[in-house]
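Asker:
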Amino acid sequence: MPKLKVPVSSEDHIQGDKNALITFVEYGDYECPFCKKAYPIAKKIEEIFHTHVRFVFRNFPLLEIHRHAEMAAEAAEFADTYKCFWEMHYLIFENQNKLSQPLLLELGTTLNLPSEELDIVIQKKTFASKIRNDFLGGVKSGVNGTPTFFINDERFNGSPYELENTIREAVEKLEFRRF
Amino acid sequence: MAKILSPGTVAPDFTLHATPDQSLSLSELKGRPVILAFYPADWSPVCSDQMVLYNEILPEFHRYHAELLGISVDSEWCHAAFARESHLHFPLLADFEPKGFVAKKYGVYHEKFGVCERALYVIDDKGIIAWSYLSPIAENPGADGILEALENLESAKKVHR
Chain C
118 MPKLKVPVSS
128 EDHIQGDKNA
138 LITFVEYGDY
148 ECPFCKKAYP
158 IAKKIEEIFH
168 THVRFVFRNF
178 PLLEIHRHAE
188 MAAEAAEFAD
198 TYKCFWEMHY
208 LIFENQNKLS
218 QPLLLELGTT
228 LNLPSEELDI
238 VIQKKTFASK
248 IRNDFLGGVK
258 SGVNGTPTFF
268 INDERFNGSP
278 YELENTIREA
288 VEKLEFRRF
Chain A
226 MAKILSPGTV
236 APDFTLHATP
246 DQSLSLSELK
256 GRPVILAFYP
266 ADWSPVCSDQ
276 MVLYNEILPE
286 FHRYHAELLG
296 ISVDSEWCHA
306 AFARESHLHF
316 PLLADFEPKG
326 FVAKKYGVYH
336 EKFGVCERAL
346 YVIDDKGIIA
356 WSYLSPIAEN
366 PGADGILEAL
376 ENLESAKKVH
386 R
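Those protein sequence lines, which keep their order, are chains C and A. Residue numbering for the first sequence follows my numbering, starting at 118 and increasing by one per position. Residue numbering for the second sequence follows my numbering, starting at 226 and increasing by one per position.
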């Protein structure tokens, strides 16, 4: 079973308790329709299990076939510098069918991000190196499509619809060990 | 039943159509590592299908001076359309006629479905198989195994210098 090769660190986008014992990582592409279907599942899991599970999102854009994937990732990374990565992350998926540079600037304005700066970031691909490092770390870890999930470093091979139950079982095992 | 060829075996040479008017032979590529990615069919319904994924990773393969070849039983016309649609930057070879002839030489033809298995080979610069892997036909094997094999080839070269 492929294992996550890049440990989670403070450089990552983490939701939930940073010291949680269960780590749930997603490698995703903002323009991938399957990632869009999966995002509410990941969001729900984090809402239910946030004290036991930390959720991490890493970029895995398919640049050749998704021409807005990179700019969307740039916008999300830029939002992170203003501490609103997750707000931008969800807004992008919710507006996936209208993805474009003007839309991303609009989303930025919604979050009170400086639109001129965001525009420059998108044009200059300021975060290209971080995004590419995420991607390569995913490749080395056995990411074989988008979305790909890892639960406690092991690649999850089931359907995203099975994720909630799998995580629930992991949390219950943890709770059981306390007795 | 034929089995996937093991490391240490000489990679069987072959000549297949890469485009409607061009053929490519494995022996032309001696002197550099070659990745053979056998796969069942073009036009898989997922956006991150195996060939699309490898297309994104191509710069990494090229860092090892490796050439990537995709092989399925689709015709060269089908390959041309799929490559254009998916913006692929590496050759897709048509193991079309006789059907699966090369896949059979490599022990990776799925008789029941009439397609290539999902199998990977890394061949070294002398034409010897360095690594091979057969994936369940419905599972995309990713590229971590390929990169590890290429890295091992590179390290082995450094040791022998």
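Where is the CB? At the ideal position from N, CA and C, for every residue including glycine. All of these numbers come straight from a predicted model, not from anything done at the bench.
Start and end of the alpha helix (DSSP H) containing Arg309 of chain A?
Answerer: 301-310
Asker: Against chain A, does Val142 of chain C count as a neighbour if the rule is that its beta carbon must be under 8 angstroms from one of theirs?
Answerer: no
Asker: Select from C:Leu253, C:Asn269, C:Tyr278, C:Phe266 the residue whose C-alpha is nearest the C-alpha of Pro284 of chain A.
Answerer: Comparing Cα positions, the closest option is C:Leu253.
Asker: Determine the closest residue to Asp350 of chain A out of A:Lys255, A:Ser297, A:Gly295, with distance taken between C-alpha atoms.
Answerer: Comparing Cα positions, the closest option is A:Lys255.
Asker: Exposed or buried, what is Val384 of chain A when buried is set at 16 or more other beta-carbons lying within 10 Å of its beta-carbon?
Answerer: exposed
Asker: What three-state label does DSSP hand Asn214 of chain C in the structure shown?
Answerer: helix
Asker: Report buried or exposed for Ala363 of chain A, applying the criterion of at least 16 other Cβ atoms within 10 angstroms of its Cβ.
Answerer: Exposed: under 16 other Cβ atoms inside 10 Å.
Asker: Alpha carbons only, please: which of A:Leu372, A:Asn365, A:Leu251 is nearest the one belonging to Pro270 of chain A?
Answerer: Minimum Cα distance to Pro270 of chain A is reached at A:Asn365.
Asker: Please list the residues of the segment 297-331 of chain A that have a C-beta atom closer than 9 angstroms to any C-beta atom in chain C, keeping them in chain order.
Answerer: So the list reads Glu310, Ser311, His312, Leu313, His314, given in the order they occur along the chain.
Asker: Hey, Ile284 of chain C and Ile131 of chain C are a contact pair by Cβ (cut 8 angstroms); roughly how many whole angstroms apart?
Answerer: With 8 angstroms as the limit, Ile284 of chain C and Ile131 of chain C do not qualify as a contact, their Cβ atoms being about 16 angstroms apart.
Asker: For a contact defined as C-beta to C-beta under 7 angstroms, what are the partners of Asp267 of chain A on chain C?
Answerer: Chain C residues near Asp267 of chain A: none, gap ~14 angstroms exceeds 7 angstroms.
Asker: So which of C:Glu292, C:Arg171, C:Ile209 has the shortest CA-CA distance to Gly133 of chain C?
Answerer: C:Arg171
Asker: Does the CB of Ile139 of chain C have a neighbour CB from chain A at under 8 angstroms?
Answerer: Any Cβ of chain A closer than 8 angstroms to the Cβ of Ile139 of chain C would place that residue at the interface, and such an atom is absent.
Asker: For a test of the three-state rule: what should DSSP assign to Val327 of chain A, helix, strand or coil?
Answerer: helix
Asker: I'd like the ranges of any alpha helix (DSSP H) spanning at least 4 consecutive residues and lying wholly in the segment 249-289 of chain A.
Answerer: 275-288
Asker: Which one or two residues does DSSP pair with Cys341 of chain A in a beta bridge?
Answerer: A:Tyr334
Asker: Rounded to the nearest angstrom, what separates Leu138 of chain C and Arg288 of chain A at their Cα positions?
Answerer: Rounded to whole angstroms, Leu138 of chain C and Arg288 of chain A show a C-alpha spacing of 37 angstroms.
Asker: Spatial neighbours of Tyr144 of chain C within its chain, please: C-beta separation below 6 angstroms, excluding the five flanking residues on both sides.
Answerer: The residues are Arg175, Phe177, Gly255, Val260, Thr265.
Asker: Mind pulling the alpha helix (DSSP H) runs of 4 or more residues that sit fully within the segment 192-278 of chain C?
Answerer: 202-211, 218-227, 232-241, 245-257
Asker: To be precise: take each residue of the segment 253-270 of chain C, compare its Cβ to all Cβ atoms of chain A, and keep it if any distance is under 8 angstroms. Which residues remain?
Answerer: Of all residues in the segment 253-270 of chain C, Leu253, Val256, Lys257, Ser258, Gly259, Val260, Asn261, Gly262, Thr263 have a Cβ within less than 8 angstroms of some Cβ in chain A.
Asker: Mind checking whether Gln299 of chain A and Asp267 of chain A have CB atoms under 8 angstroms apart?
Answerer: The identity of residue 299 of chain A in the sequence shown is Asp, whereas the question assumes Gln. Annotated as proximal: Asp299 of chain A and Asp267 of chain A, with beta-carbon spacing under 8 angstroms.
Asker: For Gly295 of chain A, collect the residues of the same chain with a Cβ closer than 6 angstroms to its Cβ; drop the 5 residues on either side in sequence, then sort them by chain order.
Answerer: Ala262, Met276, Leu317
Asker: Establish whether the CB of Ser367 of chain A and some CB of chain C are separated by less than 8 angstroms.
Answerer: Per the sequence presented here, residue 367 of chain A reads as Gly, with Ser not at that position. Cβ-Cβ to chain C under 8 angstroms: yes for Gly367 of chain A.
Asker: Is there a Cβ from chain A that is less than 8 angstroms from the Cβ of Glu164 of chain C?
Answerer: no
Asker: Just curious, the beta strand (DSSP E) that Phe166 of chain C is in, first and last residue?
Answerer: Here Phe166 of chain C belongs to no beta strand (DSSP E); instead the alpha helix (DSSP H) covers 150-166.
Asker: Strictly by DSSP, which residues pair up with His242 of chain A?
Answerer: A:Ser248, A:Ala319
Asker: Ordered along the chain, which non-local residues of its own chain (more than five positions away) have a Cβ less than 7 angstroms from that of Tyr264 of chain A?
Answerer: Gln275, Met276, Gly295, Ser297, Cys341, Arg343
Asker: Helix, strand or coil for Glu376 of chain A, going by three-state DSSP, please let me know.
Answerer: Residue state, collapsed to three classes: helix.
Asker: Since His185 of chain C and Leu216 of chain C are thought to touch, with beta carbons under 8 angstroms apart, how far apart are those beta carbons, to the nearest angstrom?
Answerer: 4 angstroms
Asker: Report yes or no: is there a C-beta of chain C within less than 8 angstroms of the C-beta of Val259 of chain A?
Answerer: no
Asker: Check the Cβ of Leu180 of chain C against every Cβ in chain A and list those closer than 7 angstroms, keeping chain order.
Answerer: Glu281
Asker: For Gly255 of chain C, is the beta carbon positioned less than 7 angstroms from some heavy atom of the ligand MG?
Answerer: As far as ligands go, the structure on display features none, and thus does not contain the ligand MG.
Asker: Is Tyr262 of chain C near Leu293 of chain A, with beta carbons less than 8 angstroms apart?
Answerer: What sits at residue 262 of chain C in the sequence shown is Gly, not Tyr. No, these two residues do not count as a Cβ contact at 8 angstroms.
Asker: Using a Cβ-Cβ cutoff of less than 6 angstroms, which residues in the same chain neighbour Glu187 of chain C once the five nearest sequence positions on both sides are dropped?
Answerer: Pro178, Leu180
Asker: Answer yes or no: does any C-beta atom of chain C fall closer than 8 angstroms to that of Leu278 of chain A?
Answerer: yes
Asker: Whose C-beta lies closer than 6 angstroms to the C-beta of Ser232 of chain C among residues of the same chain, with five residues either side of it excluded?
Answerer: Leu222, Gly225, Thr226
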